[in-house]
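Taken in order, the sequence shown gives residues 3 to 87; the numbers are from the numbering used here.
For glycine and all other residues, C-beta sits at the position ideal for the given N, C-alpha and C.
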Amino acid sequence: KAQAPVVCCWLRNDLRLHDNPVLAKAMDLVAQRQFRAVLPVYFLDPRGLGVTAWGSPKTGAFRAQFLVESVLDLKRNLRGVRSDL
Numbered sequence: 003k004a005q006a007p008v009v010c011c012w013l014r015n016d017l018r019l020h021d022n023p024v025l026a027k028a029m030d031l032v033a034q035r036q037f038r039a040v041l042p043v044y045f046l047d048p049r050g051l052g053v054t055a056w057g058s059p060k061t062g063a064f065r066a067q068f069l070v071e072s073v074l075d076l077k078r079n080l081r082g083v084r085s086d087l
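Take a look at the structure:
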């Protein structure tokens with residue numbers, strides 16, 4: 003018997019679990035047994051962390067720290083619902 007497929011959620015900007023409509027729909031589909039699991043995916047694009055042509059950083063230190071903390075918080079919250087990044 004073939005297993006149900008896995009639903010992949012590509013996360014870009016909305017890194018909160020509690021109000022992310024894509025993750026909510028994916029988890030609903032898993033609950034309905036249409037999918038076996040949710041595979042959340044987040045790519046940190048290094049181009050956004052580089053330097054502009056004028057030599058200034060594309061992302062400031064506070065924004066970079068916020069992004070890191072947001073990803074870590076999402077990872078912790080996903081583990082709470084038996085998932086992970």
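*Under 6 Å Cβ to Cβ from residue 52, same chain only, skipping five residues before and after it: list those, please.*
Numbered from 1 along the sequence shown, position 50 holds the residue referred to as residue 52. Answer for residue 52: 60, listed in chain order.
*When you compare only the Cα positions, how much space is there between residue 57 and residue 74?*
Walking along the sequence shown from the start, residue 57 turns up at place 55. Walking along the sequence shown from the start, residue 74 turns up at place 72. Computed Cα separation, rounded: 29 Å.
*For residue 23, is the classification buried or exposed, using 16 other Cβ atoms within 10 angstroms of its Cβ as the cut-off for buried?*
The sequence position of residue 23 within the sequence shown is 21, counting from 1. Classification of residue 23: exposed, given that the 10 Å Cβ count is below 16.
*Take residue 50 and list the residues in its own chain whose beta-carbon comes closer than 7 Å to its own, dropping the five residues that flank it on each side.*
The residue labelled residue 50 in the question sits at position 48 within the sequence shown. Closer than 7 Å at the Cβ level, and outside the excluded window around residue 50, lie 60, 61.
*asked:* Using 7 Å as the threshold, is the C-beta distance between residue 9 and residue 37 below it?
replied: Taking the sequence shown and counting its residues from 1, the one referred to as residue 9 is at position 7. Taking the sequence shown and counting its residues from 1, the one referred to as residue 37 is at position 35. Contact: yes.
*Sequence-distant residues of its chain with Cβ nearer than 6 Å to residue 108 (five each side left out)*: Examination of residue 108 is not possible in this model, given that the chain is present from 3 through 87 alone.
*Can you tell which of 86, 39, 71 has the C-alpha that lies nearest to the C-alpha of residue 77?*
Counting from one through the sequence shown, the residue named residue 77 turns up at place 75. Cα-wise, what sits closest to residue 77 is 86.
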